[in-house]
Each structure stands twice: as structure tokens, then as C-alpha cells.
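Notes for the one structure printed next.
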Amino acid sequence: GGYVCQEFAVRNPHRLLAFIGVGVMPFGDEFYTAAEMRRMRRIPLFVKRLPERMLYASLARSRGQTSYGYHNALAMIEQMPKREIVNVFGAAYADRFTRREAVQFSCPVLLTVGALDYAGEFAEFCRRWSERSGFPMHVIPEAAHNANTDNFDAFNDTAEKFLYRRLAQGK
Numbered sequence: 308g309g310y311v312c313q314e315f316a317v318r319n320p321h322r323l324l325a326f327i328g329v330g331v332m333p334f335g336d337e338f339y340t341a342a343e344m345r346r347m348r349r350i351p352l353f354v355k356r357l358p359e360r361m362l363y364a365s366l367a368r369s370r371g372q373t374s375y376g377y378h379n380a381l382a383m384i385e386q387m388p389k390r391e392i393v394n395v396f397g398a399a400y401a402d403r404f405t406r407r408e409a410v411q412f413s414c415p416v417l418l419t420v421g422a423l424d425y426a427g428e429f430a431e432f433c434r435r436w437s438e439r440s441g442f443p444m445h446v447i448p449e450a451a452h453n454a455n456t457d458n459f460d461a462f463n464d465t466a467e468k469f470l471y472r473r474l475a476q477g478k
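So in the numbering used here, spot 134 of the sequence shown is number 441, and the numbers just go up one at a time.
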């Protein structure tokens, strides 16, 4: 996910040529209000209370708008027992606040978000990140949270143009 990729960027900046975030929330306290941070810390408790099948279906539904996107997400989610999903959410939402500063990228950055991304507040946080950092953000039409699987043609076209413009031309 996005946090793992950002952490990789922090630890290995020499290994990155570009960063393309897909519905990703930024590290850094400056992007969140205190109320948002408190609310996010409670997400693992909410996830823990959901029945397993309901949890799987709701996670997949919020990540995939198309049948392909939904079933792709569901196939990945169903590989994990519920307790592991709860641990992942705990790590993502509790541990994400252990890195208080935003990532300082030394490579070109593109943020993407699905036009139909209703998975939490990812789209709003991504928009804030774009506005405050100056990183371009592209909205992928007809796509939910996993925009790269919902509308892979539009996503791939966006990524290809970005990479060509930023890398092939040395910008």
C-alpha cells in the first residue's frame, strides 16, 4: 500500500526514479486535523467488530468499482484471516502517526485517485497532499480506490505520459 511505498522512499531514495501514488494518504501531521487523526486511530476497533464476510465484502466493494476491480480486491482480501486484516489496519492507522513528517521525495511524484473513491477519506487527503506539496494529482474516471484495476487503460495512459514527460525528457 501507499504507506509501505512511502516508507520505502524514505529508506531508499536512491532506488526511486519516480513515485506514482494510487489513492494514497500522505505521511505527515500537517495533512490532518487532530479530529481526523483521532478518528483514524479508531478504525482498527471498528474493523475488528465487523463479521468476517461483511468485512471482506465491504473492503472489496470500497476498493473496486468494476466487477474486475471488486473481484481482484476480494481475492486479495480473502487470503488473509480477519485478525491479520485487523493488524494491518492497526499498523496503517496507528503506526502511520509514528512518522510525523511528510516524505521529501527527490524524484518526480504523481498522485492518482479514482473519481469514485469512497474508501474513507483517501481522495480528500490526496487532494490536500497535492495542493500543499505541488505534486500533480490526476483523477482516474470510472474508478474507485484501486483505480489501477478499475480503469487500467486510463491509469496506464496517465502513468505512461507522466513517466515519459518526467523521465525520458529529464524533467
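For each residue, glycine too, the CB sits at the ideal point set by N, CA and C.
For residue j and residue i, believed in contact at Cβ under 8 angstroms, the rounded distance
{"i": "A454", "j": "G421", "result": "4 angstroms"}
{"i": "A325", "j": "L470", "result": "6 angstroms"}
{"i": "R346", "j": "H452", "result": "18 angstroms between Cβ atoms; not a contact."}
{"i": "R360", "j": "Y400", "result": "Contact doesn't hold; Cβ gap of about 22 angstroms is too wide."}
{"i": "F433", "j": "G330", "result": "Correcting the residue identity first, residue 433 is Cys in this sequence and not Phe. Going by Cβ atoms, the distance from C433 to G330 rounds to 7 angstroms, so yes, they are a contact pair."}
{"i": "L423", "j": "A450", "result": "6 angstroms"}
{"i": "A429", "j": "W436", "result": "Before going on, a small fix: residue 429 reads as Phe here, not Ala. With 8 angstroms as the limit, F429 and W436 do not qualify as a contact, their Cβ atoms being about 10 angstroms apart."}
{"i": "L362", "j": "K389", "result": "6 angstroms"}
Those residues which DSSP pairs with residue i across a bridge
{"i": "G328", "result": "L418"}
8 angstroms Cβ cutoff met for residue i and residue j
{"i": "T465", "j": "T419", "result": "yes"}
{"i": "A409", "j": "F334", "result": "yes"}
{"i": "R309", "j": "M332", "result": "Residue identity differs from the one stated: residue 309 is Gly in this sequence, not Arg. Yes, the pair counts as a contact, with Cβ atoms nearer than the cut-off."}
{"i": "L417", "j": "I350", "result": "no"}
{"i": "G376", "j": "D457", "result": "yes"}
{"i": "R439", "j": "D336", "result": "no"}
Short CB-CB distance (under 8 angstroms) between residue i and chain C
{"i": "R349", "result": "In the structure shown, chain C does not exist; there is a single protein chain."}
Cβ pair count under 8 angstroms reaching 3, the segment 353–371 against the segment 381–394: Contact check between the segment 353–371 and the segment 381–394: three or more CB pairs, one atom from each, fall below 8 angstroms, which counts as touching.
Runs of beta strand (DSSP E) lying entirely within the segment 390–455, each at least 3 residues, in chain order: Entirely contained in the segment 390–455, the beta strand (DSSP E) runs reaching 3 residues are, in chain order, 416–421 and 444–447.
Three CB pairs or more closer than 8 angstroms across the segment 371–382 and the segment 335–345: Not touching, per the Cβ criterion.
Uninterrupted alpha helix (DSSP H) stretches inside the segment 330–360 (no shorter than 4 residues): Correct list: 341–348 and 350–356.
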